[in-house]
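In our numbering, the protein residues as written are 8 to 381.
Written as structure tokens, this is what we have:
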């Protein structure tokens, strides 16, 4: 399971630049990734940290944990949690049961209980970043912003340390959670339940200066796991450099950065088109991004530009006007489309709705992304 962002100065006809095509080609790759099924816990993970149980009892715990994990992977979260809680009643420090029990609570929308289990897991396994990512999601659901910010700082510091110790990507051990999670360019910050059982996953980049320069990514999944929409806020380094070059003596533009708000539409295995909704010169905050996403879903904006997949792949550009506004131009509202009618109820709490697990895929390099393991 799994997600904001860019647009407004410079010519709106951007498709002629090779840099933009490269940017969107990289970002489009994110739209075609799929979430892996939950990875089984490593051997011995469920063993109590300081066990006084007999070998026979420990074997029983492992057998019960395996049954719970199977239910978890089938997304039978209530049943799985019952198994994990039964183990924890006898072995309060069983690491695997704490971790997967916490995740089961998270996916059921019981964020406070998820936090309790995951914090206990962190005491026992402080170097596993998966728990931090899931704690970010649980605290974000409860709108505990100071705690979310503190956890983000911990995750960023952990990532910086791991990458410094492992500079050779060819030697990364992607079976280790501290490597496999932290080498991804993005992490899931929040999941929001939507109408019809859909879920919007909002991912945040660790560093938007790294390829593919996405700042936030919002993907909407139907109840059956089908991806419905791919929305991005991305940093455009080429347009930023051009803007600063065109205004060498203007301090405002020398400090500005260009961000593009767009949506990628995929048909089959290829990008069909990209709609650009806006340009901004200020890095988007998470709260502003979340607000923009909900507003654009409720009241679909009219794109200021559309780029066809053929153009991205080097085909002929379609003729279009090339307005060059010197100041941000207001967007004109568009008539609601069938795709844009997916709206978030204003009174709906941001809880988790599960989707069907997808088949595992190959590990991603830093220039690509995949969702956080569940």
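From the three backbone atoms N, C-alpha and C, an ideal C-beta is built for every residue, glycine too.
Bear in mind the structure is a predicted one, so any value in this text is a computation, not a measurement.
query = Does any C-beta atom of chain B lie closer than 7 Å to the C-beta of residue 188?
reply = Going by chain labels, chain B is absent from the structure shown, which holds only one protein chain.
request  = Using three-state DSSP, classify residue 306 as helix, strand or coil.
outcome  = coil
ask   = Where does residue 292 sit, in a helix, a strand or coil, going by DSSP?
value = coil
request  = Can you have a look at residue 146 and say buried or exposed, based on whether 16 or more other CB atoms are within 10 angstroms of its CB?
outcome  = buried
query = For residue 313, which residues does DSSP report across the bridge?
reply = 282
request  = Within its chain, find whatever has a CB closer than 8 Å to the CB of residue 85; leave out the 5 residues flanking it on each side and keep chain order.
outcome  = 111, 115
task = Whole angstroms is fine: what's the gap from residue 338's alpha carbon to residue 231's?
result = Because the pLDDT at residue 338 is just 36, under 50, the model does not fix this residue reliably, and the value given afterwards should be weighed accordingly. When rounded, the distance between both Cα atoms is 34 Å.
key: For residue 46, the three-state DSSP class (helix, strand or coil)   = Its pLDDT being 46, under 50, residue 46 is placed unreliably in this model, and the coordinates cannot settle the point.
key: According to DSSP, residues forming a beta bridge with residue 240   = 223, 268
message = Quick check on residue 262: does DSSP put it in helix, strand or coil?
response = helix
query = Between which two residues does the beta strand (DSSP E) harbouring residue 98 extend?
reply = Counting along the chain, residue 98 falls outside any beta strand (DSSP E), and DSSP gives it neither H nor E.
ask   = If you run the structure through DSSP and keep just helix, strand and coil, what is residue 189?
value = coil
When 81, 318, 168, 90 are compared against residue 69, the one with the closest alpha-carbon = 90
request  = Please classify residue 296: is it buried, with 16 or more other beta-carbons within 10 angstroms of its beta-carbon, or exposed?
outcome  = buried
task = For residue 228, name the three-state secondary structure that DSSP assigns.
result = strand
ask   = Among 314, 130, 282, 185, which has the Cα closest to the Cα of residue 303?
value = 282
query = Do the region 155-162 and the region 176-183 touch if we need at least three Cβ pairs shorter than 8 Å?
reply = no
query = By Cβ distance below 8 Å, which residues in the same chain neighbour residue 74 in space, the five residues on each side in sequence not counted?
reply = 90
task = With DSSP as the reference, label residue 319 as helix, strand or coil.
result = helix
query = DSSP state of residue 195, grouped into three classes?
reply = strand
request  = Whole angstroms is fine: what's the gap from residue 186's alpha carbon to residue 257's?
outcome  = 42 Å
key: Per-residue DSSP class, three states only, for residue 69   = helix
request  = Measure the beta-carbon distance from residue 271 to residue 237 and round it to whole angstroms, keeping in mind my assumption that it falls under 8 Å.
outcome  = 4 Å
Environment of residue 346 [buried if 16+ CB atoms lie within 10 Å] = Bear in mind that the predicted position of residue 346 carries a pLDDT of just 35, short of 50, making it too unreliable to give a figure here.
Bridge partner(s) assigned by DSSP for residue 155 = Answer is none; residue 155 lacks a bridge partner.
request  = Give the secondary structure of residue 115 by DSSP, where H, G and I count as helix, E and B as strand, and everything else as coil.
outcome  = coil
key: Cβ neighbour criterion (16 or more within 10 Å) applied to residue 94   = buried
Counterpart residues of residue 277 in DSSP-defined beta bridges = 274
Distance, residue 62 Cα to residue 194 Cα = 39 Å
ask   = For residue 158 versus residue 138, is the C-beta spacing smaller than 7 Å?
value = no
key: Simplified DSSP state of residue 235, which is helix, strand or coil   = strand
task = Below 7 Å CB to CB, which residues in the same chain sit around residue 310 once its five sequence neighbours on both sides are set aside?
result = 282, 283, 284
ask   = Does DSSP put residue 246 in a helix, in a strand, or in coil?
value = helix
key: Enclosing alpha helix (DSSP H) for residue 140 [first to last residue]   = 136-148
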